[in-house]
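For reference, the structure discussed in these notes is given below.
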């Protein structure tokens, strides 16, 4: 058996795939370089003082236990009496996009001559798995918010500070976006910018206090399973279609996954190769084949965008290595794409998994969906 050390695997990927040179940086928002959300409460408002100066709210909107939350707001605030509510089925019947947030609750601060501070809770249904960070970044890009800072607590919860203009007033908003079951819930505390400095510590403490009482743990998208004979199994999201897998022998097997909403437009594709480690040149030949296949399609594998290391592989895999490249179209007739490649090794096989996806700058929402699907596949490989 010939096993390639990790450094050699990295060299093989770079030498056989890359057409570009230096590492490329995102031209717009580099999500890995966003400033961490600033903290003011520790210096300006102790937890004890906040508890003494705030009121606890525990609510169960629409009688839905999975939307039940608890929250502390400064004394003097009041809950709005509103008939605006979130009902996913009613929204669907009315033809309203699921990507529009429906209001769950709203609170107002004490009266001012100028604009009031407010706290809003909104929710929407999710069709597929996506991290809270990627979902929120899509909102930032779509709405044009001025992002001041971001903190990721987990794949399911993120907190952000940004500026938004409503009418003729600028508001500084601290918001939490959290995935709860198959819904995204966003809680936002708005302060008119002229009052932000004096109120910002209360804003921060309020966001810390926002929690779901009994969060739902259900999976957003159903998974399907495929097995290469009885040798190896992986999962993939049900929205992806498995294309006639090929099993040449126990030394070489492959499968393809396609994502398309209309059977015409390709929103993403993955190719999975399982190659025996017994053959010295098998891995280099596979990488060369993948490069030539891209060239035949008019795409060139360009410079590295990133080398993510967040994946948690199953114990039988010695190690895994992932790179993300730009996929360059010299004719400029194809929207910018990215080419993802993962190489994993275990006792018997190398797994080579590639993904062609619309680029994050061109179609962030589809990119975020595909990035999560890629992670699902990689982390599901098992014996």
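Residue numbers (this note's numbering): 4 to 386.
Yeah, the Cβ is synthetic: ideal placement off N, Cα and C, and Gly gets one too.
Three-state secondary structure assigned by DSSP to residue i
| i | result |
| --- | --- |
| residue 255 | strand |
| residue 237 | strand |
| residue 292 | helix |
| residue 164 | strand |
| residue 269 | coil |
| residue 372 | helix |
| residue 37 | coil |
| residue 360 | strand |
| residue 384 | coil |
| residue 136 | helix |
| residue 314 | coil |
| residue 199 | helix |
| residue 377 | helix |
| residue 87 | With a pLDDT of only 48 at residue 87, under 50, the local geometry of the prediction cannot be trusted, and no value is derived from it. |
| residue 54 | helix |
| residue 346 | strand |
| residue 69 | helix |
| residue 284 | coil |
| residue 1 | Outside the displayed range of the chain (4 to 386) lies residue 1, so it cannot be described from this structure. |
| residue 205 | helix |
| residue 143 | helix |
| residue 191 | strand |
| residue 10 | For residue 10, the predicted structure reports a pLDDT of 47, less than 50, and the residue's modelled location is therefore unreliable. The matter cannot be settled from this model. |
| residue 231 | strand |
| residue 212 | helix |
| residue 77 | strand |
| residue 367 | helix |
Residues near residue i by beta carbon distance below 6 Å, same chain, minus five either side
| i | result |
| --- | --- |
| residue 155 | 136 and 161 |
| residue 212 | 74 and 75 |
| residue 53 | 208 |
| residue 244 | 261 |
| residue 310 | 326 |
| residue 272 | 261 and 359 |
Residue of the options minimising C-alpha distance to residue i
| i | options | result |
| --- | --- | --- |
| residue 109 | 238, 80 and 46 | 80 |
| residue 357 | 338, 328 and 365 | 328 |
| residue 214 | 71, 386 and 254 | 71 |
| residue 157 | 148, 179, 166 and 165 | 179 |
| residue 146 | 371, 166, 131 and 122 | 166 |
| residue 361 | 340, 194 and 348 | 340 |
| residue 168 | 190, 152, 194 and 188 | 194 |
| residue 231 | 140, 250, 223 and 300 | 250 |
| residue 1 | 385, 382 and 373 | With the chain running from 4 to 386 in the structure shown, residue 1 is simply not present. |
| residue 190 | 121, 55 and 261 | 121 |
| residue 188 | 172, 125 and 274 | 125 |
| residue 349 | 384, 48, 148 and 225 | 384 |
| residue 140 | 300, 380, 367 and 197 | 367 |
| residue 319 | 48, 351 and 41 | 351 |
| residue 253 | 56, 233 and 247 | 233 |
| residue 259 | 46, 359 and 170 | 359 |
| residue 210 | 291, 307, 123 and 66 | 123 |
Chain C within 9 Å of residue i, Cβ atoms only
| i | result |
| --- | --- |
| residue 326 | The chain inventory of the structure shown lacks chain C, comprising one protein chain alone. |
Rounded separation between residue i and residue j - CA only
| i | j | result |
| --- | --- | --- |
| residue 363 | residue 279 | 34 Å |
| residue 43 | residue 106 | 28 Å |
| residue 377 | residue 346 | 13 Å |
| residue 270 | residue 239 | 15 Å |
| residue 235 | residue 324 | 19 Å |
| residue 177 | residue 204 | 11 Å |
| residue 343 | residue 326 | 6 Å |
| residue 174 | residue 38 | 19 Å |
| residue 321 | residue 83 | 56 Å |
| residue 293 | residue 61 | 55 Å |
| residue 263 | residue 369 | 11 Å |
| residue 78 | residue 208 | 13 Å |
| residue 68 | residue 223 | 18 Å |
| residue 229 | residue 150 | 42 Å |
| residue 353 | residue 277 | 6 Å |
| residue 386 | residue 274 | 19 Å |
| residue 202 | residue 355 | 53 Å |
| residue 196 | residue 172 | 8 Å |
| residue 375 | residue 382 | 11 Å |
| residue 50 | residue 57 | 10 Å |
| residue 288 | residue 295 | 11 Å |
Neighbourhood of residue i by C-beta, 7 Å cutoff - its chain only, sequence neighbours within 5 removed
| i | result |
| --- | --- |
| residue 64 | 70, 107 and 108 |
| residue 365 | 338 and 339 |
| residue 159 | 135, 181 and 182 |
| residue 111 | 80, 81, 83, 119 and 121 |
Beta-carbon contacts of residue i that lie in its chain and below 8 Å, excluding the five residues immediately before and after
| i | result |
| --- | --- |
| residue 143 | 32, 150, 163 and 165 |
| residue 241 | 224, 225, 226 and 227 |
**Request:** Take every Cβ of the segment 309-317, pair it with every Cβ of the segment 275-287, and state whether three or more of those distances are shorter than 8 Å.
**Result:** Taking 8 Å as the limit for Cβ pairs, the verdict is that the segment 275-287 does not touch the segment 309-317.
**Message:** Taking 8 Å as the cut-off, does the segment 217-237 touch the segment 184-204 (at least 3 CB pairs, one atom from each stretch)?
**Reply:** yes
**Prompt:** Do the segment 130-145 and the segment 109-122 touch if we need at least three Cβ pairs shorter than 8 Å?
**Reply:** Touching, no, given that fewer than three Cβ pairs across the two stretches are closer than 8 Å.
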